[in-house]
Amino acid sequence: MKKTVIIAAAGIGSRLGAGIPKCLVEVRGHAIFEYQLKALAWADEVRMVVGYKADEVMQKVSAVNSNVVFIHNRNFQSTNLRQSYFLGASGVSGKALFLDGDTIIGWKASRLLHQACEAGKDYIAVAKTRTKNPIYAGVEDEKVRWFSYDRCSKYELANAAFLAVDKLKYENTLFYVQLEEYLPTTALLMEGLEVDTPEDLQDAEKTITSNWEEYDFWR
988 MKKTVIIAAA
998 GIGSRLGAGI
1008 PKCLVEVRGH
1018 AIFEYQLKAL
1028 AWADEVRMVV
1038 GYKADEVMQK
1048 VSAVNSNVVF
1058 IHNRNFQSTN
1068 LRQSYFLGAS
1078 GVSGKALFLD
1088 GDTIIGWKAS
1098 RLLHQACEAG
1108 KDYIAVAKTR
1118 TKNPIYAGVE
1128 DEKVRWFSYD
1138 RCSKYELANA
1148 AFLAVDKLKY
1158 ENTLFYVQLE
1168 EYLPTTALLM
1178 EGLEVDTPED
1188 LQDAEKTITS
1198 NWEEYDFWR
């Protein structure tokens, strides 16, 4: 089975306020997209949905990996993650791994995602709750049962999911709302660092610095 990864990197990243797409933000000397491309080296095809400052993103990503396929979300100012994923999946058959462009994953998460994709079963990635405003994920018997902003859980959505592309719809609702339609789904517990706010960025810098071997794809 062809292993396809679709990265949504079209947004402005207003909550982070860096003035550049979040995928270009550097953490310990490397842009977030660099961590992702290194971690996803096992993929047969990586697609990246671009919008805000698309030319800059494409130029910098292509300099690192010229095989990345770019899909434009030209309505990035009025659309959302779910719609970017839908555009990115155009022409793809079967299943794909969907990943948010602001999420850093290390060696362990890379291997875990690879193994799960090889297995071919749908899954939703969850992590131990650590972000300021998480989408909580209710996990029971190794399956995600519910999502909520208000109903607390020790797990949160980790911004990655593996599912059939024909399940996606081009609708202006949040991606977790799309995933809710297919619960319960197998939960994949992994470590991921979401960089959505200045506080998240500080946390990512601290975590990677103190655990560099886990994120050092350049050794």
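Residue numbering for the sequence shown follows our numbering, beginning at 988 and increasing consecutively. Cβ coordinates follow ideal geometry from the N, Cα and C atoms, glycine included.
Can you find the residues in the same chain that come closer than 6 Å, C-beta to C-beta, to residue i, ignoring five residues on each side of it along the sequence?
i: K990; result: A1030, D1031, C1104
i: N1052; result: L1024
i: G1006; result: none
i: V1094; result: Here residue 1094 is Trp; the residue named in the question, Val, does not match the sequence. So the qualifying residues of the chain are E1201.
i: A1215; result: One cannot answer for residue 1215 here, as it falls past the ends of the chain, which runs 988 to 1206.
i: A1151; result: K1082
i: A1018; result: L1011
What residues in its chain sit with their C-beta under 8 Å from that of residue i, if we drop five residues either side in the sequence?
i: Q1023; result: I994, C1010, L1086, G1088, T1090, I1091, I1092
i: R1002; result: D1183, T1184
i: G1125; result: V1131, R1132, W1133, F1134, S1135, R1138, S1140, Y1142
So the alpha helix (DSSP H) residue i belongs to, where does it begin and stop?
i: V1037; result: Where V1037 is concerned, there is no enclosing alpha helix (DSSP H), although the beta strand (DSSP E) it sits in stretches over 1032 to 1037.
i: V1048; result: 1041 to 1051
i: A1191; result: 1185 to 1197
i: V1164; result: 1162 to 1167
i: I1019; result: 1019 to 1026
Using a Cβ-Cβ cut-off of 7 Å (strictly less than) and excluding sequence neighbours within five positions of residue i, which residues of its own chain qualify?
i: K1212; result: Here the chain comprises residues numbered 988 to 1206, so residue 1212 is not present and cannot be evaluated.
i: M1045; result: V1037, F1057
i: H1101; result: W1029
i: E1021; result: V1051
i: N1067; result: N1159, L1161
Can you pull the DSSP bridge partners for residue i?
i: K965; result: Examination of residue 965 is not possible in this model, given that the chain is present from 988 through 1206 alone.
i: S1140; result: Answer is none; S1140 lacks a bridge partner.
i: A1005; result: DSSP, once it has assigned bridges, lists no residue as partnering A1005.
i: W1133; result: G1125
i: L1099; result: None; L1099 has no bridge partner.
i: A1145; result: Note: A1145 sits in no beta bridge, so no partner.
i: D1087; result: A995
i: V1014; result: H1017
Can you tell me the Cβ-Cβ gap for residue i and residue j, rounded? I've got them flagged as a contact below 8 Å.
i: M1177; j: A1096; result: 4 Å
i: T1172; j: I1122; result: 14 Å between Cβ atoms; not a contact.
i: A1191; j: V1014; result: 5 Å
i: R1069; j: T1160; result: 6 Å
i: A996; j: M1035; result: 5 Å
i: V1113; j: A1174; result: 5 Å
i: F1149; j: D1109; result: 6 Å
i: L1180; j: F1073; result: Not confirmed; about 26 Å, so no contact.
i: P1008; j: G1000; result: 6 Å
I'd like the span of the beta strand (DSSP E) that includes residue i, first residue to last.
i: L1176; result: 1172 to 1176
i: F1057; result: 1056 to 1059
i: Y1110; result: 1110 to 1115
i: L1068; result: Premise fails: L1068 lies in the alpha helix (DSSP H), 1068 to 1075, not in any beta strand (DSSP E).
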